[in-house]
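A.B. asks:
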Amino acid sequence: ARLGAGPPYSVPTLLPPSNSLSSCRRCFLAAMSTDARASTADGSETTAGSPSRLSLASRPATAPAAVHPPAAVHPPLTSWETLPQSESWIEAARRGGERTGSVRSSVLNLTNTIIGAGMLGLPAAFAACGWAVGSLLLLACGLFSGLGLHLLSAAADLVGRPASFRSVAEAALPGSGLPYAIDAAIAVKCFGVATSYLVVVGDSMPKAIEPLGASGPLLDRRLWVAAAVPILAPLVSLRRIDALKYASLLALGCLLLVTVEIVAFSSGPVLRTSPLLNPYSNSSRNCFPPNGELPCRGAVSAATSALDAVRKVPIFVFSFTCQQNIVSITNELRRPSQRRVAAAVVLSEAVAVGQYLLVGFCGYFTFGDQIAGDVLASYPASPIVSFARVLMALSVVLSYGLQSHPSRSCLLSLLSVARAARDARRRRRASSPEAALLPSGGGGVE
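Take the sequence shown: its position 116, counting from 1, is numbered 116 in the numbering used here, and each next residue is one higher.
1. Straight-line CA distance for L143 to L212?
2. Roughly how far, in whole angstroms, is the beta-carbon of D242 from the beta-carbon of E332, given that I think they are within contact range, below 8 Å?
3. Would a C-beta distance cut-off of 8 Å place S399 and A184 closer than the cut-off?
4. Rounded to whole angstroms, how far is the Cβ of V201 from the Cβ of V225, which I believe are closer than 8 Å?
5. Using 8 Å for Cβ pairs, my map puts L394 next to C190. What's the rounded Cβ distance?
6. Note down, in chain order, each residue of its chain lying with its Cβ closer than 6 Å to the Cβ of C410, except the 5 sequence neighbours on either side.
7. Terminal residues of the continuous alpha helix (DSSP H) containing D423?
8. Would Y364 and A127 be called neighbours here (beta carbons separated by less than 8 Å)?
9. Exposed or buried, D220, counting other C-beta atoms within 10 Å across all chains shown (16 or more means buried)?
10. Going by CA-CA distance only, name the one from V317, R104, T195 that's closest to V397.
11. Would a C-beta distance cut-off of 8 Å place N109 and I329 closer than the cut-off?
12. Would the stretch 154-168 and the stretch 379-390 be scored as touching if the rule is three or more Cβ pairs under 8 Å?
13. Looking at the unbroken alpha helix (DSSP H) that takes in Y364, where does it start and where does it end?
14. In chain order, what residues of the same chain lie with their CB nearer than 7 Å to the CB of C296, ignoring the 5 residues before and after it?
15. How would you label F318, buried or exposed, when you count the other beta carbons within 10 angstroms and need 16 or more for buried?
16. Per DSSP, what kind of secondary structure is G373 in: helix, strand or coil?
17. Quick check: the Cα distance between G360 and A125, rounded to an integer number of angstroms?
18. Pick from R239, R428, R311: whose alpha carbon is nearest that of T100?
19. Measuring alpha carbon to alpha carbon, tell me which residue in R311, P336, F367, V417 is nearest A299.
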């Protein structure tokens, strides 16, 4: 419709600021109505609801200049909406329509990525380095993790959205092979973590049901891994990471219940409330003497040797591993800004640190230096502990998609690079002088 009325619109003029298909539709209809009014003023025939039917050949030689929409309706693109030169405005609108994430959903997915089954090992880490040193290490790792999330999000803003780890690495070190190595490392790492989730399911479920009288095939870990597949299969097939927010909410609910059980067990020796909350029921000693001491608990200290503390640093570091999802989460965030991203990061890190401190303190002060590597293994066999193991297994199954999503994205990125390189080789071969000498029947060999 614009061909006979002046130069066509440029991409930044047609693209609305919200990158939504509805805004693009209104913009297109407004442009069509402008054409209709201009054609009617020139005396051309028009029909209701359709553009001018005047052919290009019969257009006046001096057609009026194109009337562009006012700047107030279509402002220039911001740095968040910078588009590649080869991307059409329709493709940009479709891509913008995929921004469905909110700060709340970002917090759910990011927090669920941080917190996992590894929190059960924090009480043992506290026992190795002391509760004061352990708390400082936990806070420091949480602070540096949040700083890393902020820097990754800012770097993704600089290269343009939607970003990826490969695009950030290419902008930092152009011409090197580092971007492909980063994609490969993330794909392998996340696939390994997702596989470890299945290992947790295979270990937790037999331990959960054996005290309840189960035996035979029910104690086969392969059975429970296979039973987890129907739950995780729909999660790994979702295209957007924002769609995992409901699974993350359920997983965080399971982890919260496990935390409540650990806190309840720590209050058992103090309150002496219920035999079900007695963490020392396996001991033959009198663990509740009248003098108020706890002889069944191990030693508790604020700090230990520096070497023991250094050995446990990896546990605190890996407790905050979530950086593989920050780019995808912020790509889908509506109205993206540094303030909204910072809010999601701060809330996620704060929730994780608070839950880690509860689990670490309560587990450590319940058993002292006699605590097992898995805090649930220190408690006596009971339906409460079995329920906690089932909750842990369910939480890691619901979190499987948060590991498969970045692994799949990086693998597809590597495949797209390989496909582009193959197509480039084919074009070079087709344009080479030797290709011109080949018969037209296609007898050449690639």
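Backbone N, C-alpha and C fix where the C-beta goes; we use that ideal spot for every residue, glycine too.
C.D. replies: For this structure:
1. 42 Å
2. 5 Å
3. no
4. 6 Å
5. With a Cβ gap of about 20 Å, L394 and C190 do not count as contacting.
6. D183, I186, A187
7. 400-431
8. yes
9. exposed
10. T195
11. yes
12. no
13. 338-367
14. Y280, S283, R285, C287
15. exposed
16. coil
17. 8 Å
18. R239
19. F367
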